[in-house]
Amino acid sequence: MTTALILLLLAVGAYLVAVIEAWTTSGRWRLTAPITAGIALLGRESIVPRKSDRVFFEVAPVLLLISALIAATVLPLTPDLIITDLATGALFINAALVYVLVALLMAGWGPDGAYAMIGGWRFLGQLIAYAMLIVMPVTAVAMRAESLLTTQIVASQADLWNILYQPLGFVLFFVAAMALAFLPPFDLTTANSELAGGVEAEYSGVRLAVFRLGRLVLVITLATTTVVFYLGGWQGPWLPPWAWSAIKILAVTALMLLAGRALPRIREADLLNLCWKLGIPLALLNIFVVGLLILVWP
Amino acid sequence: MISVQLFFISFFGLAAVWFAVVVFRTHSMMRSALALLFSQTALGAMFIGMQAEFLGVLQIMMMATEMSIMAIFMVMFMMDPGGLGKMDMTHQKRLSVIAGLVAFVAVVVVAVFADWGPLASSVPDAAQQIEDLGLELLGRSMLIFETAGLTILTAMIAATAVAVEPIKRNRD
Amino acid sequence: MIVGARQGKLSGLRQLVAKAMARELTGFLVPGLDIAHAWGLDVEAAGVRLVASPRHASVLLVVGDISPALRNAAAVIYAQMARPRALLVLGTDDLSPLPSADVTAELSQHGLIDGIAQLRIAFAEGAFRPEVADFDAPMLHVRVEYTCPMHPEVVQDEPGSCPKCGMTLEPREVSANDVDTHPHETHDHHNESHGHQHESHDHPHEAHGHHHETHSHQHQAHEHQPVDQGASVEYTCPMHPEVVQDEPGSCPKCGMTLEPRKAQNSQAHAHASLDHSEMDHGDMDHSEMDHGGMDHGEMDHSGMDHGDHAFMSMIDVTKDLPRSSDGLPMDWIDVPFGPFFPGLPSGLLLTLTLDGDTVAGSSARTLAENVALLHHSALEPHSFVARLSNLEPLAPLAYRLLACQAMENAAGIKTTAVAAHGRVGALERERITSHLGWLALFGQQMGFDWLLRRAASLQLKFQHANYQQIMALKPDIVSLIKRLRRTPLLKSRNAGIGRLAQDNVLRGPVARAVGINNDARSTNPVYTSLGFKAISRDSGDSLARLQVRLDEISQSLALIDATGAIEPPEPANIGSATGAGEALVETPRGAAHLQLTLENGRVVTAQLETPSTRHLTLIDALIEQQSLGDALLAVGSLDLSPWEIRQ
Amino acid sequence: MLEQYGLLLGLIVGTTGFVLCLYALARATGKTRQEPGKDVPATGGQLSRDPVWVRYHARYYGYALLFLAFDMEMAFMYPWAVVYKQVGLIALLDMGVFLAILFLGLLYGWSQGVLRRQ
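Protein chains in written order, with this note's numbering: chain A, 331 to 628; chain B, 588 to 759; chain C, 1345 to 1991; chain D, 434 to 551.
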């Protein structure tokens, strides 16, 4: 029963992400726009490129949607509203989200188009930049919670949220999460002005609808992950748990979508340089500082 | 209960083997790299089926990134990565068939005749496994933990020395 | 009714889908966003969401009249759109390869809004139709030619074996009538190619009949347009197919001995567009790199037993490949960044030879029409001025002023001080509008969404603003420039990209960013009286060009403030004067020079020279060995206008 | 104990089913029409028919090699993080040595020019 409820909430969340994204780009609140856009895409032809690798081309959008959805199964919206509370929760999110890369490599290599292929391999370079900045902050969060159970992680933030306990970890994780969801300024793989749509350029019709649905679910899943790890999940004074979860998730989603509008796209060379020469040392420092903090003030 | 678990384990085992076969039957480098990736994922799913959750999830995660990096290196250095030329890349067929059979027989013999000790009645739950692994890492097999660090370091230094051309100091 | 409707009766589900499509229109803009903004159109405000790929678009928006080459490219875009697709045409009527327009409207924001309203109705009713015809156009067809994987210059129209190495030739598709293709076209290819295309589409990977699909050596199989069958034998260099001699010898570029070859494509080597000679092979000759590191990468082939045809190990496959900057012999592919690429100036065809995502070679040419100033008859002053201002939609007023001044110079008429001041105000307003248009395109190129929207909205306001409105808009400009100075990542995104050396070819802001001050305004008495001093920087990279243009915007504001009046230039009444005259006007992209001769009041000869023509030659050296993002940004920072390029 | 994993597998199969239903619904509105030039990859107005499956020259292979090593390290960090609070200072020192060794590798790579666009 909770599974159906959570899937429904995820669908509503993805819908709101679409509405907020349209608002950030066009400045107008159009609540019915996503549903009409979805139906319109359903009615359009879906073209398969001629010498494409048919298996890759078909599997990529589905794998993107599955990867985002499976990552959301271990995220608690309220103390009892979680699909599967796995013992390796935090690690499982990371394991599911890696298949976003596999899906984009397939979407890049599949259609045999120059823009898509460059977009696909660029995302692999992007993964090499952000992957460490997701894993190490999560390790620091698990250190404080003494377990990988996401419900335990949220419970461990009862007295002080992780954003205050380990702010450096939050900043690194937030930047890496935006890079994972290839949101601007990290939209190297679907760069509209450098690759004319990149990996999603060759998709049309219903396959494009599934690809975009996968991306929306990915954004809402990453926002929920940020809330669970750093913003104390459902905890908060006065309001009921589900209200706090909803507010925090939507706030983080809006922040993720707005941050991209005010920055030019980052160069791939700069992204790799920054993440490896600045990001990883900071992440190691974060682990060390959190280690000391836990000893001094548990 | 055992029969459902056995069914899933054998299902994922067969999936792993089938993907492994695809690795060698396909002409496209990219397909063979991702087939190997999904073969490892099926292997990870097998571990999860055998109630070794941490090991399975770790296998699924790490193999995905590492096989993708193998994919880019395969596409960079192997001829005709798209498999358009339908070249037959297999070689030493007779030798490999013999080696395959010998290995299979060896594995079966070890699996059947070796003494695996008493069948464990119950398996600690997943969270307990991680904790035991952590304590093991910091306790008895501390030495293995640190030597693993050293081997990773040697791997990094070797990779750096071999793959990347050192910066020439005389440059501007 | 929509020409590009989908097959099917307008039943329940299709009715719903058609209504949804009518509400959510996604458009692909031809020729481009900068032209739409130049004509004062705000497409997003009109209710159409612009997309980067034709696959995602439901409407093809054609703005203004475009040249035949651009119409062919628009037909390709239309063919690649998914049905149901509609064609909304503003301000032009003859679109030869494209089907008849579904909705035509006049070229203004009002016309655009009307057109979109009609389009929504047309979609709601006509998105699905019982019988639908295919869209077919000559340039969409394919002609199969056979080429040898190891020797790309060997090109034949029928299957066979390569005269040089005996390998079986492989089919390769070439567009049936490329823009500069050869005259003869055998008809049997036509239907055979259809068969080939359909068949290859059904089972894409299985080899078509006994031919292998194209082997992987794309880098060598450059787009060699096949040419008439010559008879004589000629000698060419394996590494530089463009080096051709009638007698044996060694290649001037890399010293390899030339190989004899049946004269297949004697003219193919003439065209410079794919000439790789200037591509820097320097690193290959004196590469003192030790190959130790590189050999490990090669697959060890000692144990390889030979397959059916002579199996070549990677060593001899990549033996004669050009090496990239890190010493690896990789495959290069030719990728067109076509005339309608979002972020690049529309109408510019940039074909990059990509080594991974690094540019190994490039060729840029404009597909915009090369407008002849005077057809064959002399022109009245008014029609000559109109013709010159229509030539360049991005800066029409500057060229209008150029024509007027040249005619007045030829007729020896002096303009009054007030008229001169009004003209200065008009030119400076046009400079602000043009620079804002460039900022919008540059923001799109950098993926900087806020800058695209803000600069575009300011540009639309400035286009027809009078003096008071401009003064009212001044704070907006100041806040825009201040915000750009403070944007994080902007400096690191532009510093050091597209660095240019001092060169007398440079004009306008591109020259001033390198420190050359050849501003036509500094010698103009009217400007010096207003206290004009040219701005210049010296780092010469994309950041310097951005800063020079921002400074010029505020400087032009100050100049308009000083002149106090804005009137578009009107051609003076030159009666029936005769004589030769010339004029030099600093257009937003640089000094344009016009020479003309009058004969009793009619323009007889005219000779125009524009800055973008010179800047086009800069591109090759500018983006050599740059990453793709930096290369496109460097091309964008030059602010080229393909419309004013004179071939 | 295994129902949780079964649920995950069920979710995967369910999502695939949902997507296939969407495809069937889309197919109900009409078939994709084969037209000349329609299925050629879109490159801004030019028909580029040559296959692009060539040996792609990625410039980040220096970073990729170091990434493999750091990926291995991460496998050790998760169990350590779970038991860190129990074990206390010794765990910090152990992991400190482990991370220092790896940081040494990173610095060596950095100095040898691995961490740049080759």
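Virtual Cβ for every residue (Gly too), placed ideally from N, Cα, C. Model, not experiment: these values are computed from the prediction.
Closest residue to residue i among the options (Cα-Cα distance)
i: F541 (chain A); options: A:L399, A:C605, A:V619; result: A:L399
i: L1431 (chain C); options: C:F1479, C:L1385, C:A1389; result: C:F1479
i: L593 (chain A); options: C:L1463, C:T1695, C:F1792, C:S1440; result: C:F1792
i: D1820 (chain C); options: C:A1747, C:T1760, C:L1901, C:I1860; result: C:L1901
i: V530 (chain D); options: B:L740, B:M637, B:I717; result: B:L740
i: N1416 (chain C); options: C:M1674, C:V1822, C:M1483; result: C:M1483
i: I1989 (chain C); options: C:T1922, C:L1717, C:S1880; result: C:L1717
i: A1878 (chain C); options: C:V1892, C:L1887, C:H1495, C:C1506; result: C:V1892
i: M510 (chain D); options: B:I596, B:A620, B:L720; result: B:L720
Any chain A beta carbon closer than 8 Å to residue i
i: P1515 (chain C); result: no
i: S1402 (chain C); result: yes
i: G520 (chain D); result: Strictly speaking, residue 520 (chain D) in this sequence is Val, with Gly absent from that position. No, because no Cβ of chain A sits closer than 8 Å to the Cβ of V520 (chain D).
i: I445 (chain D); result: yes
i: E1368 (chain C); result: yes
i: F700 (chain B); result: no
Residue(s) in a DSSP beta bridge with residue i
i: I1677 (chain C); result: C:L1698
i: Y1490 (chain C); result: C:Q1500, C:P1515
i: F1372 (chain C); result: C:L1404
i: R1350 (chain C); result: C:F1472
i: L1942 (chain C); result: C:G1923, C:V1947
i: Q479 (chain D); result: D:T476
Neighbouring residues, chain A, relative to residue i (Cβ below 9 Å)
i: D738 (chain B); result: Sequence check: residue 738 (chain B) is Thr here, not Asp. In chain order: nothing, as chain A lies at least about 19 Å away.
CB contact check: residue i to chain C, cutoff 8 Å
i: Y517 (chain D); result: no
i: A573 (chain A); result: no
i: L455 (chain D); result: no
i: M666 (chain B); result: yes
i: D759 (chain B); result: Confidence at D759 (chain B) is low in this model, with a pLDDT of 49, below 50, so the placement of that residue should be treated as unreliable; the coordinate-derived value is given next. Closer than 8 Å: no.
i: P514 (chain A); result: yes
Chain D contact for residue i (CB, 8 Å cutoff)
i: Q1351 (chain C); result: yes
i: A602 (chain B); result: no
i: T1558 (chain C); result: Residue placement at T1558 (chain C) cannot be trusted, given a pLDDT of 36 that sits under 50; what the coordinates show is reported in the next sentence. So, interface residue.
i: T628 (chain B); result: no
i: Q1424 (chain C); result: yes
i: D299 (chain A); result: The structure shown does not extend to residue 299 (chain A), since chain A spans only 331 to 628, so no value can be given for it.
i: Y445 (chain A); result: yes
i: M586 (chain A); result: no
Per-residue contacts from residue i into chain B (C-beta, under 8 Å)
i: M436 (chain A); result: L621
i: V1661 (chain C); result: M666
Residues that residue i contacts on chain C, provided the C-beta gap is smaller than 8 Å
i: P676 (chain A); result: Given that chain A is displayed from residue 331 to residue 628, the structure contains no residue 676 (chain A) and the question cannot be resolved.
i: Y541 (chain D); result: Those within 8 Å of Y541 (chain D) in chain C number zero; the least Cβ separation is about 16 Å.
Residue i Cβ short of 7 Å to the ligand FMN heavy atom set
i: A488 (chain A); result: Looking at this structure, you won't find the ligand FMN or any other ligand, since it has none at all.
Neighbour list for residue i in chain D, Cβ cutoff strictly below 9 Å
i: M674 (chain B); result: Correct list: empty, because the minimum Cβ distance to chain D is about 13 Å.
Amino acids of chain B, ordered along the chain, whose beta-carbon sits closer than 9 Å to that of residue i
i: M1483 (chain C); result: Under the 9 Å cutoff, chain B gives no residues; its nearest Cβ is about 25 Å from M1483 (chain C).
i: D483 (chain D); result: What D483 (chain D) touches in chain B: nothing, since even the nearest Cβ is about 11 Å away.
Chain A residues whose Cβ lies nearer than 7 Å to that of residue i
i: V473 (chain D); result: R380
i: Q437 (chain D); result: T414, L416
Chain B contact for residue i (CB, 8 Å cutoff)
i: L537 (chain D); result: yes
i: D1627 (chain C); result: Unreliable placement is indicated for D1627 (chain C), whose pLDDT of 37 sits below 50; the coordinate value is still reported in the next sentence. No - not a single Cβ of chain B is within 8 Å of the one on D1627 (chain C).
Under 7 Å by beta carbon: chain C residues contacting residue i
i: T476 (chain D); result: V1679, P1680, G1682
Under 7 Å by beta carbon: chain B residues contacting residue i
i: V428 (chain A); result: M648, A651, T652
Chain G contact residues for residue i, given Cβ-Cβ distances below 9 Å
i: V1361 (chain C); result: In the displayed structure, chain G is absent; the protein chains listed are A, B, C and D.
>> Runs of 4 residues minimum, wholly inside the segment 453-540 of chain A: which ones carry the alpha helix (DSSP H) assignment?
In response: 480-486, 492-495, 497-510
> At what residue ranges does the segment 380-430 of chain A contain a whole run of the alpha helix (DSSP H), taking only runs of 4 or more?
Replying inline: 384-402
>> Which complete beta strand (DSSP E) runs does the segment 1401-1480 of chain C hold, if anything under 3 residues is left out?
In response: 1403-1407, 1430-1434, 1447-1449
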